[in-house]
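Participant: Counting with the working numbering, you get residues 926 to 1326 for the letters of the sequence shown. Heads up, the beta-carbon is just placed ideally off N, CA and C, and yes, glycines get one too. Just so you know, these numbers come straight off a predicted model, no measurement behind them.
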Amino acid sequence: MNQLLIDTPTRLETELHRIYELIASEPIAGNFSLLSGQVGYAVFESYYQRHFGLTDTSRVWERLGAGMDAIQSGEVDHTFAGGISGIAWGFLHLHNHGFLADGSDNPHEIVAALDEPLFLLSMEDLYAGSFDYLHGGLGACLYFLERPRTPEIVYYLTEIVNQLEKIAIKKIDGSMTWYFRNFDQPNDRSVSYNLGLSHGTASIVALLSLLYQHGYAQSACARLIEGGLQWLWSVRNENHPVVFPRQLFDDQPRNEFSRMAWCYGDLGIAHTFQLAGEILKNNRWKQIAEQTMLKAATRRTRKETLVSDTAFCHGSGGIGHLFSKFAHSQPNPVFDETARFWLQVTLDQELPPMEKDGSHPAIPLSTRGDLSFLDGEASVGMILLSQLGADNAWERAFLMR
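#1: Have a look at the DSSP bridge pairing and note the partners of residue 1118.
#2: In whole angstroms, what separates the C-alpha of residue 1171 from that of residue 1239?
#3: Looking at the strands, I want to know which residues DSSP matches up with residue 1276.
#4: Given a cut-off of 8 Å, decide if residue 1198 and residue 1211 are closer than it, judged by their beta-carbon atoms.
#5: To the nearest angstrom, how far is it from the Cα of residue 952 to the Cα of residue 1162?
#6: Could you tell me which of 1306, 1106, 1132 and 1096 sits nearest to residue 1177, measuring between CA atoms?
#7: Whole angstroms is fine: what's the gap from residue 1072's alpha carbon to residue 1166's?
#8: Alpha carbon to alpha carbon, what distance is there between residue 1150 and residue 1092?
#9: DSSP three-state label for residue 1282, please.
#10: Would you tell me roughly how many angstroms separate the C-alpha atoms of residue 985 and residue 1192, rounded to the nearest one?
#11: With a threshold of 8 Å, are at least 3 pairs of Cβ atoms found where one atom belongs to the segment 1070 to 1085 and the other to the segment 1115 to 1126?
#12: Hey, out of 1203, 1270 and 1226, whose CA is closest to residue 1215's CA?
#13: Return helix, strand or coil for residue 923, following the three-state DSSP convention.
#14: Can you give me the C-alpha to C-alpha distance between residue 1196 and residue 1325, rounded to a whole angstrom?
#15: Between 1002, 1011 and 1016, which has its C-alpha nearest residue 1046's C-alpha?
#16: Compute the distance between the beta-carbons of residue 1235 and residue 1305, then report whether it is under 8 Å.
#17: Using three-state DSSP, classify residue 1102 as helix, strand or coil.
#18: Cα separation between residue 941 and residue 1311?
#19: Roughly how many angstroms lie between the CA atoms of residue 1256 and residue 1316, to the nearest whole one?
#20: Tell me the DSSP secondary structure of residue 941 in three-state form.
#21: At what residues does the alpha helix (DSSP H) containing residue 1001 begin and finish?
#22: Could you pull the start and end residues of the alpha helix (DSSP H) that residue 975 belongs to?
#23: In whole angstroms, what separates the C-alpha of residue 1066 from that of residue 992?
#24: Does the separation of the CB atoms of residue 959 and residue 999 fall below 8 Å?
#25: Check this for me: beta carbons of residue 977 and residue 948, under 8 Å apart or not?
#26: Taking only runs of the alpha helix (DSSP H) that begin and end inside the segment 1194 to 1282, which ones reach a length of at least 4 residues, in chain order?
#27: Measure the alpha-carbon distance for residue 1228 versus residue 1220 and round it to whole angstroms.
#28: Please state whether the Cβ-Cβ distance between residue 1169 and residue 1152 is less than 8 Å.
#29: In angstroms, rounded to a whole number, what distance separates the CA positions of residue 1281 and residue 1271?
#30: Given this structure, state the Cα-to-Cα distance separating residue 965 from residue 1297, to the nearest angstrom.
#31: Using only the alpha-carbon positions, how far apart do residue 1182 and residue 1164 sit?
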């Protein structure tokens, strides 16, 4: 069990049981996606059932089957967040980690016909400059990382990396980044560059680090990783409580506030430096990650963090999980204490007042009404399971391992 919350295992379990009952009662209909629908529910239910010794996986299979049926019927697009890449990733992830041992069908045989179409659709996105791993061309890479290494998979991933290098914006100093294309508003060109782990340069670097780790296109990946991290560091804020800005306009660095979260801001970017530093054995990158997290640890109020819910993406649970992760990779009592603070906030579902005189009330937080794997109750469930010692392999969906 994770020592961070060892005094509250019963409370963690009580909250997990509540979340499980809520999600288990959700009908197998509607949204079939990984990050906001049926397949995400299946992932949470699988991890919960393994941890608590439940053996009936029939509902998990029904949810996965509904997702695969949606692919077959053409109801979903190709993306990781809402479509084929994410649905197939969830299916393969559960199989590869032994959650579907009672199934008679081989998931790899079932999804094999998706390989080439996903590659072609990814390349089409990248030709248009749409790299976003959640909503654009790079999400299929996570799917391919779940597939057996074959000459075809090697070719697909090598071509994707090569195309990513072709569309990179290379600076005179050797740094590089990528123009941001807003998936919500593709014609909006007001933002030139996005730094975040959910949609920006940090996500590209993190994904390339995972490809490098698994032996794909290593020379090209190393160049792009180094260039991307150099650019991120070159545009950091100066004399500002936040290390990295959220976005840049016309490549002009400026002191800009960014929320504290996995998706945007210092935590996700620090994770990217740490991940690349571990995989490519670069101590300087790990030092940047550590210093960024230490500075972020001082931010606790809603104004300083923009925290308004308990979920993984941009809520207190995600913050607690990231600090917990750093407490293991770079042991430091500051990270331990900060993780405890944010995970306690998540359990209490309120952000305590910072004023000692009690003149200001606590701020309520919630994910109620959202059950999703990214923004809702399922994401909180995954975080709490990790605190109880469950496998963290699910983090791959969020570029964290």
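Facilitator: Per the coordinate set shown:
#1: Looking up residue 1118 in the sequence shown gives position 193. Paired residues: 1173.
#2: Within the sequence shown, numbered from 1, the residue matching residue 1171 stands at position 246. Within the sequence shown, numbered from 1, the residue matching residue 1239 stands at position 314. Between residue 1171 and residue 1239, the C-alpha separation is close to 13 Å.
#3: As a first step, residue 1276 is located in the sequence shown; it is residue number 351 there, counting from the start. 1288.
#4: Locating residue 1211 in the sequence shown gives position 286, counting from the first residue. Locating residue 1198 in the sequence shown gives position 273, counting from the first residue. Contact flag set, yes.
#5: Looking up residue 952 in the sequence shown gives position 27. Looking up residue 1162 in the sequence shown gives position 237. Roughly 47 Å separates the two Cα atoms.
#6: By 1-based counting over the sequence shown, the position of residue 1177 is 252. Considering only alpha carbons, the answer is 1096.
#7: Taking the sequence shown and counting its residues from 1, one reaches residue 1072 at position 147. Taking the sequence shown and counting its residues from 1, one reaches residue 1166 at position 241. Taking the straight line from one Cα to the other gives about 42 Å.
#8: Looking up residue 1092 in the sequence shown gives position 167. Looking up residue 1150 in the sequence shown gives position 225. Rounded to the nearest angstrom, the two C-alpha atoms are 14 Å apart.
#9: Against the sequence shown, residue 1282 aligns to sequence position 357. Because the pLDDT of residue 1282 is 47, which lies under 50, any placement of that residue in the model is unreliable, and the number read from its coordinates should be weighed accordingly. Coil.
#10: Residue 985 sits at position 60 when you count from the first residue of the sequence shown. Residue 1192 sits at position 267 when you count from the first residue of the sequence shown. About 32 Å.
#11: no
#12: Residue mapping note: residue 1215 aligns to position 290 of the sequence shown, counting from 1. Comparing alpha carbon positions, the residue from 1203, 1270 and 1226 closest to residue 1215 is 1203.
#13: Residue coverage of the chain in this structure runs from 926 to 1326, which leaves residue 923 outside it and unanswerable.
#14: Counted from its first residue, the sequence shown places residue 1196 at position 271. Counted from its first residue, the sequence shown places residue 1325 at position 400. In a straight line, the C-alpha of residue 1196 is about 7 Å away from that of residue 1325.
#15: As a first step, residue 1046 is located in the sequence shown; it is residue number 121 there, counting from the start. Closest option to residue 1046, Cα to Cα, is 1002.
#16: As a working note, residue 1235 is residue 310 in the sequence shown. As a working note, residue 1305 is residue 380 in the sequence shown. Yes, they are a contact pair.
#17: Translated into the one-based positions of the sequence shown, residue 1102 becomes position 177. Three-state result, residue 1102: strand.
#18: Counting from one through the sequence shown, the residue named residue 941 turns up at place 16. Counting from one through the sequence shown, the residue named residue 1311 turns up at place 386. C-alpha separation (whole angstroms): 11 Å.
#19: Within the sequence shown, numbered from 1, the residue matching residue 1256 stands at position 331. Within the sequence shown, numbered from 1, the residue matching residue 1316 stands at position 391. Residue 1256 and residue 1316: Cα-Cα distance of roughly 20 Å.
#20: As a first step, residue 941 must be located in the sequence shown, where it is residue number 16. Here residue 941 sits in helix by DSSP.
#21: Along the sequence shown, read from residue 1 onward, the residue named residue 1001 stands at position 76. From DSSP, residue 1001 is part of no alpha helix (DSSP H); its letter is neither H nor E.
#22: On the sequence shown, residue 975 is found 50 positions in, with the first residue counted as 1. That run of the alpha helix (DSSP H) goes 963 to 977.
#23: Walking along the sequence shown from the start, residue 1066 turns up at place 141. Walking along the sequence shown from the start, residue 992 turns up at place 67. For residue 1066 and residue 992, the distance between alpha carbons rounds to 19 Å.
#24: As a first step, residue 959 must be located in the sequence shown, where it is residue number 34. As a first step, residue 999 must be located in the sequence shown, where it is residue number 74. Taking 8 Å as the Cβ cut-off, residue 959 and residue 999 do not qualify as a contacting pair.
#25: For the purposes of this step, residue 977 is taken as the residue at position 52 of the sequence shown. For the purposes of this step, residue 948 is taken as the residue at position 23 of the sequence shown. Not in contact: residue 977 and residue 948 (Cβ atoms no closer than 8 Å).
#26: 1208 to 1221, 1227 to 1230, 1241 to 1254 and 1258 to 1273
#27: For the purposes of this step, residue 1228 is taken as residue 303 along the sequence shown, with counting starting at 1. For the purposes of this step, residue 1220 is taken as residue 295 along the sequence shown, with counting starting at 1. Near 16 Å, if we compare the C-alpha coordinates of residue 1220 and residue 1228.
#28: Working through the sequence shown from its first residue, we reach residue 1169 at position 244. Working through the sequence shown from its first residue, we reach residue 1152 at position 227. It is not a contact, given that the beta carbons lie outside the stated cut-off.
#29: Indexing the sequence shown from 1 puts residue 1281 at position 356. Indexing the sequence shown from 1 puts residue 1271 at position 346. Note that residue 1281 scores 46 on pLDDT, short of 50, meaning its location in the model is unreliable and no value can be drawn from it.
#30: The residue you call residue 965 lines up with position 40 of the sequence shown. The residue you call residue 1297 lines up with position 372 of the sequence shown. Cα to Cα, residue 965 sits roughly 7 Å from residue 1297.
#31: As a position in the sequence shown, residue 1182 is number 257, starting the count at 1. As a position in the sequence shown, residue 1164 is number 239, starting the count at 1. Near 12 Å, if we compare the C-alpha coordinates of residue 1164 and residue 1182.
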